[in-house]
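Residue numbers (the numbering used here), protein chains in the order written: chain A, 1 to 253; chain B, 254 to 366; chain C, 367 to 719; chain D, 720 to 1279.
A virtual CB, placed ideally from N, CA and C, is assigned to each residue, including glycine.
The block underneath contains the structure these notes are about, expressed in structure tokens.
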């Protein structure tokens, strides 16, 4: 039996960097023919997972698009209640975090253990900083009664003058729709923050593993794949920031 | 038995396979700088009244930033065609969701139905 | 032989009472049935074709007769055939179906209007003359009837199988369906969209009457107040007439004759004033401000029931002059809640009390 | 190896039963103990775990179907009250769709076979494969919890605002269950796509892959891209219920149709997730039992991908009368007509595979014939519903119930049973009793038609779906349908019994009882833990029966 089977020499025809030769990594899973195959399968799998994330956020982005068109006046004034300086600072913080993550991937690829650990820690620090600023923003919304639900108040939109705002007051029925804006704001940034929290938990774990030297011998797939995830979370924010904070500052008449 | 075939070409070489490319820290720094500049521009642009151009500019900058992140931070520029197509497929389906659904909402206003 | 006569009689009666094909009781039915039979024919021909191929080949090429298979790669010509022919048939079906769709959902201009409110779990029909029916609907034969429908809670679906019409009844939005009944009799009304516990109890009967019977029915079952008259009361008691008084200096636009006209809104867009527009303008006025007026109208969301909205819509629909608006304004100013007995017809719908 | 000379009316060739034994070492006896199963990474063991859990849920869902049919025996709602009936059909729908049909062929047969068919040792991510089984179990357990705690009565479609504001049952539990089961399906799809791209053996080019792999690949794309949209729709429903956010609530300015759009964006492609893998099974079975390469291999392969692609463009045909714009309805109706074409191509290609073949009629082939007939009816009645004007009268009636049961039960379940019988000898190493299984196939076919053909007539009469009570003139057809369901129930119980029996008493199957060409038939049954002793090198096309004959001749001469 089994005469389809022939010996398959494990030749590395592809140009693998010289130091990779002849080293069988302990992390190499033996159902893969080569480490190259394993690495590419891993990153392809990660990309497919990110596709599902695109579609997951896609549903909310569509809801935002729809209701912004329906309730444009409500969305513009509600959006102006968001804290642009904090949002902009957060964008910079997140980009910085992503930058350190990218450097971390590089550090792993060139097998610098100490640098990798430092980079992962920096990534974590900036990620936590992002969440801290976000928490402050949420708190501000809480104080302004802009959290959808029973405590939600449209007073700021029906009577802006009382709050020192220069905007035109909204009709009460339109002001009610600011709640949809704030719900979408919380849903989208909340879902984004949830992804950040999951990411930070994984970062702790990766930092610990990097500290043990697991990624300093040529096995970098977890770092690379986590990097993809972390950058994807960045990208979501890169769209959330203008959509929620910026594009409504000069409403069309 | 065809012993001469050791590797399925499409399995280990193109188009599904790409060399492992290490992006240099210098390149990362440049990307980082571009992203920060982009953020600054988008914030400044938001405070200038450009009418309908405001959202267009903001989203255009966001798209450019996203593409840069995808290409360099996420290494897609150096990846195989397969990965590039995968990324494309994701955004394609996203656009299908948006446009096909929007076609309903837009055309609802056309008639009294 | 062995079957008892009683059981036999029961079986005959039981089978006799069962339906196999719905009655054709509206002008739409023959059109729907024609497409149905075309599609049925397509299915049967397709099934026979596949059946003949499977059985034919199975008999001809069974292992006993054909011990060795002949390998065939495929045939572009054959494959093109069974790509193009089904595609052509499906496209014909598409065009035919689309034409039928517009026939069913495009009401003729002269259709009489009846309002239907769906709620868990009943249908409430409201005739303009003020006749209200629960889980029943009386319509005249040979006259197009348009139903303007809305749900008070969840999705329902209004279906009269014997008329081949059906339309979802949606919360927050008017939908319409129309039919012209051809045969007197009673037919089922079903709610076909699952709407909660008593979904299967949300059924009723539509009674098709000859024009004479219908007139008789209309006169016998009126509640005394037409929808428009109810609307007029509501209009006054909600204080609508304070702004929509029709005076030149009024804070709200003049509503007389507004129905069916084209309005320019503050945002510059042009809209046709129809039932849906009127309803939306009452519930979310800020998106429907007529050009030249300030956005001061409060929302009535949650303050008027769907029935009340229908009354108001029907009132404004029939408002030809502002004479009575101003009359009621004066009476309400003199602390009388509602107008007394309606005087001569300023509302076009008048019903003998 | 195979000693008994095959007779003319069958291709089954089993080893000499007096001397044959199961292989000494295979994936089942490789390790022992419960933990070795619960912590396994072996795709074949996970497939068996899935098979057991899916069968369990199938019979629970089937029990609810039985109860529904029993209630509908009489026009009044006398067996159970209306609210109980509503819980029955909701449970039937949720269990059958999310816990049976979606994972059925991919998670069991696909899991077992795709790595072997590609010549790989395992799926790309064995741990994620195991994780997706656990997610499935959690989803299933939560569904059962919702059931035990008092049930849920939203219908499987969770229509807003009914599900968000008007029902007081365990909607959140059921929604969580579906959310989690959805991720199980995402991970399965992801695993398949990566495996198919990355793990093919040398020589296994795309166009040498069996069509079963192609169809699972297409279904996997739909799983990965569609399921997350369902997830977000479900999350929004849960939030709407919990804190009343108003996105789907017309009273607060939301649009209930937005939920429909998001829901059907997944749930329409989901029907292709359900049917495509079944089509793959049919391709394998038809080819094997007519000893012929599938007619127009490329067309069949690409039609799977075409269905996956077009499948994303037609979802609003579930909403034709629900208030989408008429222009949109036109576009979606036209696209629906286009998506029907690839299915027609497949049917004719299978039919012409029989031409000039050498056909035998073993059980899998009987199920496959059943599939072709029933799927033809199911597919063509779908055209009724895609046609705008016809849809108005037919939608939300028993016609649509009959239509999707023809596709899902008549199509997918027939294909599932065809596949289970076809690969049973490979999975267990033993044959099932042939005559009994043929009887089961015939009983299933008859019972199925008796159950669902009357429902087409009921639907055209206008009997609405989801009715606990109905006008008495519909009773005769309902009685017929219930009678058919009884027969159908017998048809489904039989395989459970004789397949269980065959585990111990079935004849030893040998490596290749069907003389089939797939890689999976060239290894021992049941296979070794890592499938192949050495990585195979593929140097022949799929369904190359001449290659197989040549190989067997060589074997005989070598042994001789």
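Using a C-beta cutoff of 7 Å, does residue i count as contacting chain B?
| i | result |
| --- | --- |
| residue 235/A | yes |
| residue 242/A | yes |
| residue 68/A | no |
| residue 1151/D | no |
Of all Cβ atoms in chain C, is any one closer than 7 Å to the Cβ of residue i?
| i | result |
| --- | --- |
| residue 1012/D | yes |
| residue 171/A | yes |
| residue 1026/D | no |
| residue 1018/D | yes |
Tell me whether residue i is buried or exposed, calling it buried when 16 or more other Cβ atoms sit within 10 Å of its Cβ.
| i | result |
| --- | --- |
| residue 1272/D | exposed |
| residue 1074/D | buried |
| residue 331/C | A question about residue 331/C goes unanswered here, because the residues of chain C that appear run from 367 up to 719. |
| residue 126/A | buried |
| residue 929/D | buried |
| residue 482/C | buried |
| residue 398/C | buried |
| residue 860/D | exposed |
| residue 554/C | buried |
| residue 192/A | buried |
| residue 1010/D | buried |
| residue 468/C | exposed |
| residue 737/D | exposed |
For residue i and chain A, any beta-carbon pair shorter than 7 Å?
| i | result |
| --- | --- |
| residue 652/C | yes |
| residue 840/D | yes |
| residue 917/D | yes |
What first and last residue would you give for the alpha helix (DSSP H) that runs through residue i?
| i | result |
| --- | --- |
| residue 779/D | 762–790 |
| residue 803/C | Outside the shown range of chain C, which is 367 to 719, sits residue 803/C, and nothing can be said about it. |
| residue 586/C | 577–586 |
Between which two residues does the beta strand (DSSP E) harbouring residue i extend?
| i | result |
| --- | --- |
| residue 504/C | 502–506 |
| residue 523/C | 522–526 |
| residue 189/A | Taken as a continuous stretch (DSSP letters only), residue 189/A belongs to no beta strand (DSSP E), being part of the alpha helix (DSSP H) at 178–211. |
| residue 369/C | Here residue 369/C belongs to no beta strand (DSSP E), and DSSP marks it neither H nor E. |
| residue 1034/D | Neither: residue 1034/D is in no beta strand (DSSP E) and is coded neither H nor E. |
| residue 491/C | 488–492 |
| residue 534/C | 531–535 |
With 7 Å as the threshold, decide whether the Cβ of residue i is near any Cβ in chain D.
| i | result |
| --- | --- |
| residue 432/C | yes |
| residue 41/A | yes |
| residue 356/B | yes |
| residue 252/B | In this structure chain B extends from 254 to 366, so residue 252/B is not present and cannot be described. |
| residue 360/B | yes |
Legend entry - Residues, ordered as in the chain, of the segment 119–149 of chain A that lie near chain D by beta-carbon distance below 9 Å: Those residues of the segment 119–149 of chain A that come within reach of chain D (Cβ to Cβ, closer than 9 Å) are 148, 149.
Legend entry - Complete runs of the beta strand (DSSP E) confined to the segment 437–480 of chain C [at least 3 residues]: Runs of the beta strand (DSSP E) inside the segment 437–480 of chain C: none found.
Inset, instruction - Please specify which runs of the alpha helix (DSSP H), each continuous and at least 4 residues long, are wholly inside the segment 1190–1262 of chain D, giving them in chain order. - result: Listed in chain order, they are 1194–1224.
Inset, instruction - Check distances from the C-beta atoms of the segment 1083–1113 of chain D to those of chain C and list, in chain order, the residues that come in under 8 Å. - result: The residues in question are 1088, 1091, 1092, 1095, 1096, 1099, 1100, 1102, 1103, 1105, 1106, 1107, 1108, 1109, 1110, 1111, 1112.
Inset, instruction - Below 8 Å between beta carbons is the criterion; list the residues of the segment 48–65 of chain A that meet it against any residue of chain B, in chain order. - result: Taking 8 Å as the Cβ-Cβ cut-off against chain B, the residues of the segment 48–65 of chain A that qualify are 48, 50, 51, 54, 55, 58, 59, 61, 62, 65.
Inset, instruction - Counting only runs of 4+ residues fully inside the segment 787–867 of chain D, write out the alpha helix (DSSP H) ranges in chain order. - result: Scanning the segment 787–867 of chain D for uninterrupted alpha helix (DSSP H) segments of 4 residues or longer gives 801–813, 830–837, 845–867, listed from N- to C-terminal end.
Inset, instruction - Using a Cβ-Cβ cut-off of less than 9 Å, give me the residues of the segment 558–570 of chain C that come near chain D, in sequence order. - result: So the list reads 558, 559, 560, 561, 562, 563, 564, 565, 566, 567, 569, given in the order they occur along the chain.
Legend entry - Residues of the segment 930–948 of chain D whose Cβ lies closer than 8 Å to any Cβ of chain A, in chain order: Shown in chain order are the members of the segment 930–948 of chain D whose Cβ falls below 8 Å from a Cβ of chain A: 943, 944, 945, 946, 947, 948.
Inset, instruction - Note down, one range per segment and in chain order, each beta strand (DSSP E) of at least 3 residues found wholly within the segment 61–137 of chain A. - result: Qualifying beta strand (DSSP E) stretches: none in this window.
Inset, instruction - Compile a chain-ordered list of the residues in the segment 657–671 of chain C whose CB is closer than 7 Å to at least one CB of chain A. - result: Result list: 661, 664, 665, 667.
Legend entry - Where the segment 1060–1071 of chain D meets chain C: residues whose CB sits under 8 Å from a CB there: Considering only beta carbons, the part of the segment 1060–1071 of chain D lying closer than 8 Å to chain C consists of 1060, 1063, 1064, 1066, 1067, 1068, 1070, 1071, in chain order.
Legend entry - Residues in the segment 957–974 of chain D having any Cβ partner in chain A nearer than 9 Å: Listed in sequence order: 958, 962, 963, 964, 965, 966, 971, 972, 973, 974.
Legend entry - Interfacial residues, the segment 303–322 of chain B to chain A, with Cβ spacing under 8 Å: Correct list: 303, 304, 305, 307, 308, 311, 312, 314, 315, 318, 319, 322.
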